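Peer 1: Take a look at this one; I'll ask things after.
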Amino acid sequence: MRVLILSATTGGGHMTAANALKKYITSQNKDAVVEISDTLEYISPFLNKAVTGGYVYMARNTPKFYGSVYKSTDENTMINKTVGLTTTSLRKKLLPLVEDFNPDIVITTHPFAAEIITSLKTHGVVDIPVINIVTDFAVHQTYISDGVDAYIVSSREMVDDMVKRGVERVKVYPYGIPVKNEFLDPIDREKVFADEGLDPDIPTILIMAGSFGVTDILKIYHKIVKSKEDFQVIVITGKNEKLYETFERYLRKITLNNTLIEIKELTRAAKSSSVKKSKKKKAAKPTKLMYFTDEVAKYMHMADLIVTKPGGLTVSESVASNLPMGIFKAIPGQEEQNADFLVGKNMAVRLEKNNTCTAVITDLIRNKQKLDEMREAIRLFSKGNSAANIYLLMLELLEKYRNKGAKE
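Position in the sequence shown counted from 1, then plus 314, gives you our numbering.
Written out as structure tokens, the structure is:
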């Protein structure tokens with residue numbers, strides 16, 4: 315079996331989902347040949363840089379404008395037709411990849427990739443099954459293309475939305491976004507906490523900070539640790555060197571300030587039986603700061619709450635880990651839609667940079683029942699092993715196409 319997975323690097327989630335699916339397929343079929351292609355990079359490195367760079371710039375610097383673009387391309391038929399014509403014109407550049415690899419089936423984790431491969435299909439150039447995985451928790455019109463045999467979505471609400479947009483219900487499967495098995499497997503809690511030098515008996519908040527700006531993450535951390543409740547924090551900055559270095563200096567400064575204050579208090583107490591009111595300490599919680607790690611699943615299983623931006627892949631990994639979410643700074647567009655869905659399903663709460671953030675965190679840590687209710691909501695929503703379901707669907711479609719070919 316030869317499987318071609320077409321993805322793109324506009325946001326890490328598309329490629330991560332592709333890699334998770336590849337890992338599962340090869341674990342089930344040792345003879346399977348699976349190739350992942352960065353579709354835009356293959357077609358044109360210049361186009362890839364323009365699209366990827368444009369997305370990152372707008373998301374970080376002009377999020378409201380990005381949100382308006384996202385909304386326009388979802389609602390405006392003329393814009394969609396123009397986008398469709400543009401991607402269709404690129405199909406000839408993708409054809410050599412398809413011809414050289416000669417796949418039995420194509421899976422896409424990005425709407426541009428789906429648009430291009432189905433253009434080849436609707437023009438009669440290829441005749442193979444195509445599965446399109448929607449890597450968010452809300453549908454966008456660009457994901458819908460003629461020639462797709464099956465859509466993978468994250469919820470039954472998304473199935474209904476796809477049907478309203480003209481997709482046949484039998485083609486839409488609410489299997490969820492594929493994640494690696496590590497997010498589904500439990501950990502040896504006592505051993506892992508001991509290895510990480512953390513206390514298994516107090517709540518743990520995980521902050522996935524790689525896509526935050528430096529100022530944003532420092533503000534949200536400072537608000538969180540103002541809570542008087544007892545908890546510890548794990549911060550993963552991802553490959554954001556500036557954020558890691560700035561955060562490291564920030565933590566050192568807090569530690570030094572608190573140490574100096576304690577020394578002054580002890581000295582004052584030794585000199586006088588009456589101690590004046592000491593200088594107020596900055597908030598400090600046991601904090602483990604980490605750069606990039608490939609053990610995110612382990613830290614998600616350790617945590618009682620994750621603070622993160624609501625990207626589709628991170629959300630899916632959190633759901634697989636049965637981990638409640640604190641959503642911070644959702645970008646208008648798909649992230650805002652993801653946040654609305656998660657909060658509506660009681661799987662997440664919103665966190666803001668103002669003082670309400672401290673109150674929300676305090677309430678969750680103090681009232682364990684609320685976190686338990688969020689975990690139960692996630693458990694009921696979870697689709698189990700998405701990759702396993704997608705793999706079985708692949709086999710069904712391959713058999714269907716083989717039978718069709720035999721009849722012809």
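C-beta atoms are modelled at their ideal positions from N, C-alpha and C, and glycine is treated no differently. Source: prediction; values computed, not measured.
Using a 10 Å radius around the Cβ and a threshold of 16 neighbouring Cβ atoms, would you call A334 buried or exposed?
Peer 2: buried
Peer 1: Please report how far the alpha carbon of E295 lies from the alpha carbon of N416, in whole angstroms.
Peer 2: Lying outside 315 to 722, the shown extent of the chain, residue 295 is not represented and no answer is given.
Peer 1: By alpha-carbon positions, which one of I645, S635 and D686 ends up nearest to N699?
Peer 2: S635
Peer 1: Exposed or buried, which one is Q683 when buried takes at least 16 other CB atoms within 10 Å?
Peer 2: exposed
Peer 1: Measuring CB atoms only, is the segment 614-622 touching the segment 499-519, in the sense that at least three cross pairs come out at less than 8 Å?
Peer 2: Judged by Cβ distances under 8 Å, the segment 614-622 makes contact with the segment 499-519, as three or more pairs qualify.
Peer 1: State buried or exposed for V481, treating a residue as buried only when at least 16 other CB atoms are found within 10 Å of its CB.
Peer 2: buried
Peer 1: Is the CB-CB distance between R479 and L434 below 7 Å?
Peer 2: no
Peer 1: Could you name the residues of the same chain whose beta carbon sits closer than 6 Å to that of H454, not counting the 5 residues immediately before and after it, in chain order?
Peer 2: D388
Peer 1: If you draw a straight line from the alpha carbon of Y694 to that of K659, how long is it in whole angstroms?
Peer 2: One point to set straight first is that residue 694 is Leu, not Tyr, in the sequence displayed. Each residue's alpha carbon lies about 10 Å from the other.
Peer 1: Does K602 come out as helix, strand or coil in the three-state DSSP assignment?
Peer 2: strand
Peer 1: Any heavy atom of the ligand PLP closer than 6 Å to the CB of K407?
Peer 2: Looking for the ligand PLP in the displayed structure turns up nothing, as the structure carries no ligands at all.
Peer 1: Beta-carbon within less than 6 Å of S541's beta-carbon, same chain only, minus the 5 sequence neighbours each way: which residues are those?
Peer 2: T672, I675 and T676
Peer 1: Under a Cβ-count criterion, where at least 16 other Cβ atoms within 10 Å of its own Cβ denotes burial, should S341 be classed as buried or exposed?
Peer 2: exposed
Peer 1: What did DSSP end up calling V481 once you bin it into helix, strand or coil?
Peer 2: coil
Peer 1: If you follow the beta strand (DSSP E) that Y465 is in, where does it begin and where does it stop?
Peer 2: A464 to I466
Peer 1: Go through its chain and collect everything with a Cβ distance to H437's Cβ below 8 Å, but skip five positions before and after it.
Peer 2: R405
Peer 1: So, under 8 Å CB-CB, I491 and T449 are touching, yes? Tell me the CB distance rounded to an integer number of Å.
Peer 2: 5 Å
Peer 1: Report the three-state DSSP secondary structure of A662 (helix, strand or coil).
Peer 2: The three-state secondary structure of A662, taken from DSSP, is strand.
Peer 1: By the three-class DSSP mapping on this structure, what secondary structure does I501 have?
Peer 2: coil
Peer 1: Per the contact definition of three or more C-beta pairs closer than 8 Å, is the segment 595-612 in contact with the segment 542-553?
Peer 2: yes
Peer 1: How about V493 and S630: are their beta carbons less than 7 Å apart?
Peer 2: yes
Peer 1: Excluding sequence positions up to five away, which residues of its chain have a Cβ less than 6 Å from the Cβ of N703?
Peer 2: Y489
Peer 1: Tell me the rounded alpha-carbon separation between F275 and P600.
Peer 2: There is simply no residue 275 to check, as the chain begins at 315 and stops at 722 in what is shown.
Peer 1: If I'm right that L320 touches T422 with Cβ under 8 Å, what's the distance once you round it to whole angstroms?
Peer 2: 5 Å
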